[in-house]
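S.K.:
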Amino acid sequence: MEIGLHLWPWHPMKELLGYAEQARREFPFDHIWLVDAMQYEDSLTAMAAMAMDLDVSLGTMVTFPRRNPMELAQRFSSLSHLMRPGRQVVAGLGSGGRLQESVLAEGTSPEKVSVVKETVSFLRRLFAGESIELAQFPELVSRFNYNGKARARLYFPPGGPLPVYLAAGGPKMFQIASREADGVILTQINPWTSLAGMRAGRFRQAIETVEASLKSSGNPRRFKKIYSAKISVSENGQAARQWAKRQISYGAATYPKALLQLGCDPEEIERIRTAYVQGLGIEEAAGRVSDALAEQLGFVTAGTPEECTAGYEEILDHLEGLGFDHLVMGVPLGPNVSEALKLITKKILPALKGRLGN
């Protein structure tokens with residue numbers, strides 16, 4: 050199984066690049082992934098710097114359809130020309146989350162299915178070197194004021210395969226991923242695919258939906274399954290659990306309706322959501338997450354190295370036999386990222402070595 054590392058650009062650019070360098074120095078990660086979050090450092094700029102200095106594959110986990118797909122195609126293609134031999138850049142796409150929505154369209158839900166579907170197809174066809182009729186993408190033509198009578202192509206297409214993976218968090222997105230994308234990203238910060246979702250059987254339902262859609266599509270292409278398992282680790286387990294609330298707050302604010310259906314306190318969920326809507330930042334949102342909610346959701350594996358190893362053992366139990374190709378050590382990592390990287394690479398991954406097949 051491939052092992053990836055997930056970084057969030059809430060650190061200053063040079064510090065962020067330093068963490069990537071440390072990670073590759075301490076463990077042969079196959080892939081480094083970056084969140085694309087407005088108001089923080091630019092992920093694609095960071096990836097360009099990493100491509101020049103590090104022997105590792107790179108990708109977004111994730112960017113989103115409110116970015117102009119023509120511009121995304123151009124930037125990803127340019128990144129591909131910087132990669133080391135045998136490495137690739139990947140376009141990881143999602144429907145958007147609370148951080149993006151709070152800035153771009155307060156109170157709206159993530160992108161509608163048709164926009165995501167068109168964006169995935171648009172990117173894949175451009176990356177394949179096609180000249181495409183823009184009229185075939187009416188949602189994108191309307192959204193970005195494209196000329197529907199024109200054709201588009203990349204005059205400097207990718208230097209090799211540039212897959213598009215879709216982060217999916219519900220039945221419709223599971224189907225789009227299996228029919229349109231080169232792979233699916235399932236994340237622990239989602240009611241369907243969290244540790245709590247695994248224990249309740251929702252995760253297996255998600256995989257069954259993906260597999261059934263893959264089979265019915267009749268497309269023999271290589272399809273990759275990626276699981277992003279979130280971690281917050283420190284020798285100070287309590288500090289790690291508190292730090293995990295940053296990521297938990299993001300998930301809670303992104304899927305409020307689903308969490309209410311699971312019996313979560315509606316007042317607490319609304320307090321977390323409004324912290325983002327009011328622009329109070331992730332720190333304030335994290336402070337509104339109770340210990341009880343953090344435990345109930347199972348969005349982040351948090352605590353000491355020993356506690357996190359046990360949590361990852363349980364996650365691997367649920368992934369076993371389902372054909373996953375790639376396990377990501379996901380953000381927020383820990384209150385001290387440098388310490389977290391050392392604990393992940395020197396204690397947790399060695400303890401899991403037999404399970405990962407590395």
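Per my numbering, numbering of the sequence shown is gapless, rising by one per residue and ending at 407.
We put the beta carbon where it would ideally sit given N, CA and C, even for glycine.
For Val190, name the three-state secondary structure that DSSP assigns.
M.R.: Residue state, collapsed to three classes: helix.
S.K.: Taking the straight line between their C-alpha atoms, what separation do you get for Val111 and Gly53?
M.R.: Taking the straight line joining both Cα atoms gives about 14 Å.
S.K.: What residues in its chain sit with their C-beta under 6 Å from that of Glu182, if we drop five residues either side in the sequence?
M.R.: If we look at Glu182 and ignore the five residues flanking it on each side, its Cβ neighbours are Arg200.
S.K.: Between the Cα of Pro187 and the Cα atoms of Ser170, Arg202, Leu203, which residue gives the shortest distance?
M.R.: Among Ser170, Arg202, Leu203, the Cα nearest to that of Pro187 is on Ser170.
S.K.: Is Arg322 helix, strand or coil by DSSP?
M.R.: The answer is helix: DSSP assigns Arg322 an H, G or I state.
S.K.: Quick check: what's the CA-CA separation for His55 versus Phe76?
M.R.: The alpha-carbon atoms of His55 and Phe76 are separated by roughly 14 Å.
S.K.: Would the beta-carbon of Arg28 fall within 9 Å of that of Ala230?
M.R.: As shown, the chain starts at 50 and ends at 407. That puts residue 28 outside it, with no answer to give.
S.K.: Just verifying my parser: in three-state terms, what is the DSSP assignment at Ser158?
M.R.: Residue placement at Ser158 is flagged as unreliable, the pLDDT there being 48, under the threshold of 50; the coordinate-derived value follows with that caveat. It is coil, neither helix nor strand.
S.K.: So which of Ile275, Thr358, Leu189 has the shortest CA-CA distance to Tyr214?
M.R.: When each option's Cα is compared against that of Tyr214, the closest is Ile275.
S.K.: Measuring straight from C-alpha to C-alpha, what distance separates Ser180 and Pro384?
M.R.: Those two C-alpha atoms are separated by around 47 Å.
S.K.: List the endpoints of the continuous beta strand (DSSP E) containing Tyr214.
M.R.: From DSSP, the beta strand (DSSP E) with Tyr214 extends over 213-216.
S.K.: Where Val377 and Ile393 are concerned, what is the direct C-alpha to C-alpha distance, given to the nearest angstrom?
M.R.: Distance between the alpha carbons of Val377 and Ile393 is about 12 Å.
S.K.: Do the region 132-144 and the region 103-118 touch if we need at least three Cβ pairs shorter than 8 Å?
M.R.: Counting Cβ pairs under 8 Å, three or more are found: they touch.
S.K.: Helix, strand or coil for Glu182, going by three-state DSSP, please let me know.
M.R.: Strand, per DSSP.
S.K.: Taking Trp292 as part of the alpha helix (DSSP H), name the residues at either end of that continuous run.
M.R.: Where Trp292 is concerned, the enclosing alpha helix (DSSP H) stretches over 286-303.
S.K.: Short of 8 Å in beta carbon distance, which residues of its chain neighbour Pro315, apart from the five on each side in sequence? Order them along the chain.
M.R.: Here the set comprises Leu309.
S.K.: What do you reckon, are the CB atoms on Ser243 and Gly347 nearer than 9 Å?
M.R.: Closer than 9 Å, so yes.
S.K.: Under 9 Å between the Cβ atoms of Arg124 and Val164?
M.R.: Going by C-beta atoms, Arg124 is not nearer than 9 Å to Val164.
S.K.: Are the CB atoms of Ala245 and Thr350 nearer to each other than 9 Å?
M.R.: The answer is no: Cβ separation not under 9 Å.
S.K.: Is it true that the CB of Ser227 sits closer than 9 Å to the CB of Glu260?
M.R.: A contact, by the Cβ cut-off of 9 Å.
S.K.: So, is Tyr409 buried or exposed, given that buried needs 16 or more other C-beta atoms within 10 angstroms?
M.R.: Residue numbering for the chain in the displayed model covers 50 to 407; residue 409 lies beyond these limits and cannot be assessed.
S.K.: With a floor of 3 residues, list each beta strand (DSSP E) that falls wholly inside the region 239-265, ordered by position along the chain.
M.R.: Correct list: empty.
S.K.: Specify, as a first and last residue, the run of the beta strand (DSSP E) that Thr94 falls within.
M.R.: Careful: Thr94 lies outside any beta strand (DSSP E), inside the alpha helix (DSSP H) at 92-102.
S.K.: Are His80 and Leu107 closer than 9 Å when you measure CB to CB?
M.R.: For His80 and Leu107, yes; Cβs fall inside 9 Å.
S.K.: Under the three-state reduction of DSSP, which class applies to Ala69: helix, strand or coil?
M.R.: Helix, per DSSP.
S.K.: Please confirm whether Ser126 and Leu211 have their CB atoms less than 9 Å apart.
M.R.: Yes, these two residues count as a Cβ contact at 9 Å.
S.K.: Work out the CA separation of Thr94 and Gly312 for me, nearest whole Å.
M.R.: Rounded to whole angstroms, Gly312 to Thr94 spans 41 Å at the Cα level.
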